Amino acid sequence: MTAFTTTQVGSWPRSKRMLRALRDRRLGQIDRKAFDAAADEEVRRTVRIQEEAGLDVLVDGEHRRDNFYSFVAEKLEGVRLMSLAEMLDEMEDKSGFEEMLTTLDVPASAIRNPTCTGRLTRREPLAAGDLDFMRTLTDRPVKITLPGPYLLTRSMWVSAYTKKAYASQQEMGRDVVRLLREELEELTARGCEFVQFDEPVLTEAVMSGECGRRTFM
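In the numbering used here, the protein residues as written are 409 to 625.
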């Protein structure tokens with residue numbers, strides 16, 4: 409590896425074919441096998457581009473994911489993917505939240521949030537399968553990206569739904585940490601060289617004294 413290791417943040421732009429596959433999968437118009445075939449081809453292309461560019465540590469582009477954190481709804485028991493329109497009545501500051509969406513020009517139906525509705529357990533690994541597929545494509549080190557514990561604990565807690573399963577956000581957060589630790593241990597056992605936990609919402613936590621309003625995460 410070079411003195412200055414080169415890699416990419418994780419997600420890649422989707423091709424029209426991949427966007428169509430994601431949409432069709434969401435609408436139930438294609439099965440998982442057909443979706444995986446489309447995603448496999450996108451990952452192959454992504455790996456090839458990175459190798460040709462000379463990157464040291466490769467990513468799969470997160471092509472299988474609806475977005476960088478909502479995909480956990482397919483992998484975990486006790487999580488349901490809900491649109492912001494469904495959640496709006498349960499927001500602490502409904503009018504302020506609607507105002508923010510209008511300012512951002514984001515329709516409430518366009519964003520889907522993983523919401524905890526039951527006790528959290530792994531239905532299947534979050535990303536170990538992605539690592540295994542990458543191993544068939546390249547000999548270079550691979551980086552797996554995962555949503556961080558703060559992001560998941562904050563985004564998945566919707567009091568009206570989650571309090572039926574957990575007494576507090578802290579209690580749910582402990583299960584989130586446990587699940588991520590299990591995933592990290594499995595990735596390590598499979599030889600993953602790098603795991604990146606994404607925590608973009610921490611910037612809002614740091615500046616919350618200035619803005620005073622929570623976003624959709």
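No residue lacks a Cβ here, since even glycine has one placed at the ideal position from N, Cα and C.
Model, not experiment: these values are computed from the prediction.
CA-CA distance, glutamine 577 to glutamate 482, rounds to 21 Å. In this structure, the alpha-carbon of arginine 530 lies about 7 Å from that of leucine 587.
The beta carbons of methionine 564 and threonine 611 sit no closer together than 8 Å. For proline 522, the uninterrupted beta strand (DSSP E) run begins and ends at 520 to 530, by DSSP. When secondary structure is reduced to three states using DSSP, threonine 570 falls in the helix class. Shown here, aspartate 606 sits in a strand according to DSSP, grouped into three states.
DSSP places serine 419 in the strand class (E or B) of the three-state scheme. By alpha-carbon distance to arginine 433, the top candidate from Asp444, Ser423 and Lys424 is Asp444. As the crow flies, the alpha-carbon of glycine 436 is around 12 Å from that of arginine 428.
Residue pairing of serine 491 in beta bridges, as defined by DSSP: Arg520. Using a 10 angstroms sphere on the CB of leucine 539, the tally of other CB atoms reaches 16 or more, which defines it as buried.
The C-beta distance from aspartate 606 to leucine 559 rounds to 7 Å, short enough to fall under 8 Å.
By the Cβ-count criterion, alanine 568 is exposed, with fewer than 16 other Cβ atoms from all chains shown falling within 10 Å of its own Cβ. Lysine 441 is classed as exposed because its beta carbon has fewer than 16 other beta carbons within 10 Å across all chains shown. Pairing arginine 488 with phenylalanine 479 gives a Cβ-Cβ distance that is not under 8 Å.
One thing to note: glutamate 601 has its Cβ within 8 Å of the Cβ of proline 549. Around the CB of aspartate 468, 16 or more other CB atoms lie within 10 Å, so the residue is classed as buried.
By the Cβ-count criterion, glycine 486 is buried, with 16 or more other Cβ atoms from all chains shown falling within 10 Å of its own Cβ. Distance from aspartate 583 to leucine 528 at the Cβ level is roughly 4 Å; contact confirmed, criterion being Cβ atoms closer than 8 Å. Looking only at Val614, Val609 and Gln604, the smallest Cα-Cα distance to valine 417 is reached by Gln604.
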